[in-house]
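The structure appears right after this line, and notes come after that.
Residue numbers (this note's numbering), protein chains in the order written: chain R, 1 to 157; chain F, 1001 to 1094; chain X, 2001 to 2114; chain S, 3001 to 3305.
This is the structure in structure tokens:
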């Protein structure tokens, strides 16, 4: 499998940045950091071949505000439902046919949905994403479609 | 002084969401609804605690490290929630 | 000083809890768990006493010995678990025989050969 | 002061309650699950005692790896009927042991400097700034050397329990995980990040809490994750390279100790060289510990279920 040097370099830079965050840029740690980042890049190439660009991390800042907003409203929503005496939940299942391919893109969508208000992914069945909803009355499908677009921008199919 | 007050406020709010998530975990009727309570409320709770702790951090590196802790926990929560939801489904939970 | 007392007493109680579990429960996995509770209770007792320094810093020598102990306890747990599993494969049992009523010797032998 | 004492008391009550729950639990799975919770709570207790190195080791090894090992065992061992019984005589005996230990704690609670001044005086000569690492790898390097050998011996013991016809096999049982499933994808993403964190924990061990055992556990954990996710295969127990990895750390440790005989005595490091020696031992030991711990969790070669 031909590895793209550019993608390997990007991954190396990402791991090196992780090292700098962990060590607060300590100078005597740099040789160890370089070796660690090289080893991590090799491992990541073994596990996820660096033949195409899978993550477009430069798009992360663009979707961050909505993610934070979703986290906030998801937490508030579930806290309100849990604490109210009548506990207004209507749990149920929704199947969603996603255009995203299996593997990282679909798993990323499932993970994202599991942190957003009202939805929880439970893998796929016959290619459909199985979603557990805390309130089946809400318009789940259209909000899932919005999330799908955001993930599509971040994770290359 | 103001930073200290905001820290107390943020961490207090974070703890509130941890408690709310635990209440949901106890009250909700089935495995999958309980997973909702744990993922959403704890995600927000930890985020608020991290924010509160970041205000006390001596330098930017510590803030970044705290954010890293939050991100890794989120990734773990998002993955484990899916795995548990799947395994409960296959075990025949409604 | 309070921390030494609180955690030292908790360690003492844990040793008792683990010992009781080890004495009363028969399943080998439960005995392994109980043995680990005894061990961690002793570590806690040791670590709490390591905190008796006048300025409240923790003595590093006991800390190092406890870390060594935790790792050795894991190695022993892994070996004990492997023995328990093999014992079940060979005899079909998950608990050692009670000392008060030993199995007849010929039966024991045939089980071990099978 | 009062608030922190209240927290300690509450935490200890919780620890003891969970331990009792683990001993009294009806099913094996529940007993192991409570034991994992118990280990994590203990780790918090260690942090409260100012023993962060121990807290890391307890959380990673005592709760994490032991938990994975025993959850596997709970699935493989039959659940024989074993109702929790209340037996008066053992109860009284165990109570007596606890009371005796408690009395010892009460009688010993006089402030003692212990070995803290001695370690502080010699810290500069040890080559590292973290006193726990200095004790583990320099002042009491003997203990740690023998301990690293104990790990390998335990693994030999586990392997020796394999039936003859399975001896050549891969440790553990084969994992079947669907490609592109959630676990499979996670197992492809996390290991490189875990590798970075593991190497960071060995490196920081020279200055602050961390070190070979905690780092080795992190590396073992991500390797086990990759194996369980079906993206890596454990090597057959006969592979020479992997056997060399198992003994690399103890061997380097032993050589460093022998080198010390030139300087004065076995296991003594010249202060000028101590840092380099300790780093060389720490990194090779981390590698060996990681492989050994993971193989101890995987166990002997097994027949597919």
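Cβ coordinates follow ideal geometry from the N, Cα and C atoms, glycine included.
1. Is the beta carbon of residue 2033 of chain X closer than 8 Å to that of residue 3022 of chain S?
2. Can we say the segment 3128-3139 of chain S touches the segment 2040-2053 of chain X, given the rule of at least three CB pairs closer than 8 Å?
3. Taking its Cβ as the centre, do 16 or more other Cβ atoms sit within 10 Å of residue 3121 of chain S, making it buried, or is it exposed?
4. Could you tell me the distance, in whole angstroms, from the CA atom of residue 40 of chain R to the CA atom of residue 3090 of chain S?
5. How many Å lie between residue 3181 of chain S and residue 3187 of chain S at the Cα?
6. If I measure Cβ to Cβ from residue 2108 of chain X and keep anything under 6 Å in the same chain, skipping five residues before and after, which residues do I get?
7. Does the beta-carbon distance from residue 1044 of chain F to residue 29 of chain R come in below 8 Å?
8. If we count the other Cβ atoms within 10 Å of its Cβ and call it buried at 16 or more, is residue 1060 of chain F buried or exposed?
9. Where does residue 2105 of chain X land, buried or exposed, given buried means 16+ other C-beta within 10 angstroms?
10. Quick check: what's the CA-CA separation for residue 1071 of chain F versus residue 1078 of chain F?
11. Which residue wins for smallest C-alpha separation from residue 3115 of chain S, given the options X:2011, X:2049, X:2018?
12. Is the segment 3257-3267 of chain S close to the segment 3287-3304 of chain S, with three or more CB pairs under 8 Å?
13. Counting only beta-carbon separations shorter than 8 Å, does residue 2114 of chain X have a partner in chain S?
14. Mind checking whether residue 161 of chain R and residue 155 of chain R have CB atoms under 8 Å apart?
15. Give the interface partners of residue 3282 of chain S over in chain X, defined as CB-CB distance under 9 Å, in chain order.
16. Scan the segment 1030-1063 of chain F for residues whose Cβ lies nearer than 8 Å to a Cβ of chain S and list them as they occur along the chain.
17. Keeping to the same chain, check which residues put their C-beta closer than 7 Å to that of residue 3222 of chain S; ignore five residues upstream and five downstream.
18. Run through DSSP, which three-state label would residue 3150 of chain S get?
19. Which residue wins for smallest C-alpha separation from residue 3113 of chain S, given the options X:2093, X:2040, X:2059, X:2088?
20. If we call anything under 8 Å between Cβ atoms a contact, is residue 3303 of chain S one with residue 3236 of chain S?
21. If you drop the 5 nearest sequence neighbours on each side, which residues of the same chain put their C-beta closer than 7 Å to that of residue 3008 of chain S?
22. Are the Cβ atoms of residue 3218 of chain S and residue 3060 of chain S separated by less than 8 Å?
23. Note down, in chain order, every chain S residue with its Cβ under 7 Å from the Cβ of residue 43 of chain R.
24. Relative to chain X, which residues along the segment 3055-3078 of chain S have a C-beta separation below 8 Å, given in chain order?
25. Counting only C-beta atoms, is residue 3143 of chain S closer than 8 Å to chain R at any point?
26. Kindly list, in the order they appear in chain X, the residues whose Cβ is closer than 9 Å to that of residue 3149 of chain S.
27. Mind listing, in chain order, the continuous beta strand (DSSP E) runs of no fewer than 3 residues lying wholly within the segment 59-134 of chain R?
28. Could you tell me whether the Cβ of residue 2111 of chain X comes closer than 8 Å to any Cβ of chain S?
29. Anything in chain R within Cβ reach of residue 1023 of chain F, meaning under 9 Å, just list it in chain order.
30. Would you grab the beta carbon distance between residue 140 of chain R and residue 94 of chain R for me? Rounded to a whole angstrom, and I think it's under 8 Å.
31. Do the segment 3065-3077 of chain S and the segment 1079-1089 of chain F touch if we need at least three Cβ pairs shorter than 8 Å?
32. Let's test the definition: count the other Cβ atoms within 10 Å of the Cβ of residue 89 of chain R and tell me whether it reaches 16, buried, or not, exposed.
33. Taking the alpha-carbon of residue 3255 of chain S as reference, which of S:3041, S:3070, S:3094, S:3141 has the nearest alpha-carbon?
34. In whole angstroms, what separates the C-alpha of residue 3216 of chain S from that of residue 3198 of chain S?
35. Using the rule of at least 16 other Cβ atoms within 10 Å of the residue's Cβ for burial, across every protein chain shown, is residue 2103 of chain X buried or exposed?
36. Just to confirm my understanding: we take residue 92 of chain R, look at its own chain, exclude 5 residues before and 5 after, and list those with CB closer than 7 Å. What are they?
The structure says:
1. Residue mapping note: residue 3022 of chain S aligns to position 22 of the fourth chain, counting from 1. Residue mapping note: residue 2033 of chain X aligns to position 33 of the third chain, counting from 1. Yes, the pair counts as a contact, with Cβ atoms nearer than the cut-off.
2. no
3. Position 121 of the fourth chain holds residue 3121 of chain S. Exposed: under 16 other Cβ atoms inside 10 Å.
4. For this step, residue 40 of chain R is matched to residue 40 along the first chain. For this step, residue 3090 of chain S is matched to residue 90 along the fourth chain. Going from the Cα of residue 40 of chain R to the Cα of residue 3090 of chain S covers about 53 Å.
5. Indexing the fourth chain from 1 puts residue 3181 of chain S at position 181. Indexing the fourth chain from 1 puts residue 3187 of chain S at position 187. Approximately 10 Å, taken between the alpha carbons.
6. As a working mapping, residue 2108 of chain X is identified with position 108 in the third chain. Here the model assigns residue 2108 of chain X a pLDDT of 45, short of 50, so the residue's position is not dependable, and the following value carries that caveat. Correct list: empty, nothing qualifies.
7. Walking along the second chain from the start, residue 1044 of chain F turns up at place 44. Walking along the first chain from the start, residue 29 of chain R turns up at place 29. No; because the gap between Cβ atoms is not below 8 Å, this pair is not in contact.
8. Mapped onto the second chain, residue 1060 of chain F falls at position 60. It counts as exposed.
9. In the third chain, the residue the question calls residue 2105 of chain X occupies position 105. Its pLDDT being 49, under 50, residue 2105 of chain X is placed unreliably by the model, and nothing is read from it.
10. Here the question's residue 1071 of chain F lines up with position 71 in the second chain. Here the question's residue 1078 of chain F lines up with position 78 in the second chain. Cα-Cα distance, rounded: 10 Å.
11. Taking the fourth chain and counting its residues from 1, the one referred to as residue 3115 of chain S is at position 115. With distances taken between Cα atoms, residue 3115 of chain S lies closest to X:2049.
12. no
13. Within the third chain, the letter at position 114 stands for residue 2114 of chain X. Low confidence applies to residue 2114 of chain X: its pLDDT is 38, below 50, so where it sits in the model is not reliable enough to give any reading.
14. Look at the range of chain R in this structure, 1 to 157, and you will see that residue 161 of chain R is not part of it.
15. Here residue 3282 of chain S corresponds to residue number 282 of the fourth chain, with the count starting at 1. By Cβ distance, chain X contributes nothing, its closest Cβ being about 13 Å from residue 3282 of chain S, past 9 Å.
16. none
17. Against the fourth chain, residue 3222 of chain S aligns to sequence position 222. So the list reads 3190, 3191, 3194, 3195, once near-sequence residues are dropped.
18. Here residue 3150 of chain S is taken as the residue at index 150 of the fourth chain, counted from 1. Residue 3150 of chain S: helix per DSSP, three-state reduction.
19. Translated into the one-based positions of the fourth chain, residue 3113 of chain S becomes position 113. Comparing Cα positions, the closest option is X:2059.
20. Within the fourth chain, numbered from 1, the residue matching residue 3303 of chain S stands at position 303. Within the fourth chain, numbered from 1, the residue matching residue 3236 of chain S stands at position 236. Their beta carbons are not under 8 Å apart, which means residue 3303 of chain S does not touch residue 3236 of chain S by this criterion.
21. Within the fourth chain, numbered from 1, the residue matching residue 3008 of chain S stands at position 8. So the qualifying residues of the chain are 3048.
22. Locating residue 3218 of chain S in the fourth chain gives position 218, where the first residue counts as 1. Locating residue 3060 of chain S in the fourth chain gives position 60, where the first residue counts as 1. Yes, the pair counts as a contact, with Cβ atoms nearer than the cut-off.
23. For this step, residue 43 of chain R is matched to residue 43 along the first chain. The contacting residues are 3191, 3192, 3195.
24. 3057, 3058, 3061, 3062, 3065, 3066, 3069, 3070, 3073, 3074, 3076, 3077, 3078
25. One-based indexing of the fourth chain puts residue 3143 of chain S at position 143. Closer than 8 Å: no.
26. Mapped onto the fourth chain, residue 3149 of chain S falls at position 149. In chain order: nothing, as chain X lies at least about 10 Å away.
27. 92-97, 119-125, 128-133
28. Indexing the third chain from 1 puts residue 2111 of chain X at position 111. Reliability of the predicted coordinates at residue 2111 of chain X is poor, the pLDDT of 44 falling under 50, and the value obtained from them is presented with this limitation in mind. It does not; no Cβ of chain S falls within 8 Å.
29. Within the second chain, the letter at position 23 stands for residue 1023 of chain F. Simply 79, 82, 83.
30. For the purposes of this step, residue 140 of chain R is taken as the residue at position 140 of the first chain. For the purposes of this step, residue 94 of chain R is taken as the residue at position 94 of the first chain. Their Cβ separation, rounded to whole angstroms, is 5 Å, which keeps residue 140 of chain R and residue 94 of chain R in contact under 8 Å.
31. no
32. Here the question's residue 89 of chain R lines up with position 89 in the first chain. Label assigned to residue 89 of chain R: buried.
33. The count along the fourth chain starts at 1 and reaches residue 3255 of chain S at position 255. Taking only the C-alpha atoms, the option nearest residue 3255 of chain S is S:3141.
34. Counting from 1 along the fourth chain, the entry for residue 3216 of chain S is found at position 216. Counting from 1 along the fourth chain, the entry for residue 3198 of chain S is found at position 198. Distance between the alpha carbons of residue 3216 of chain S and residue 3198 of chain S is about 7 Å.
35. Walking along the third chain from the start, residue 2103 of chain X turns up at place 103. Only weak support is given to the placement of residue 2103 of chain X: the predicted model assigns it a pLDDT of 49, under 50, and the value that follows is read from those uncertain coordinates. The residue is exposed, with fewer than 16 neighbouring Cβ atoms inside 10 Å.
36. Counting from 1 along the first chain, the entry for residue 92 of chain R is found at position 92. Result list for residue 92 of chain R: 133, 136, in chain order.
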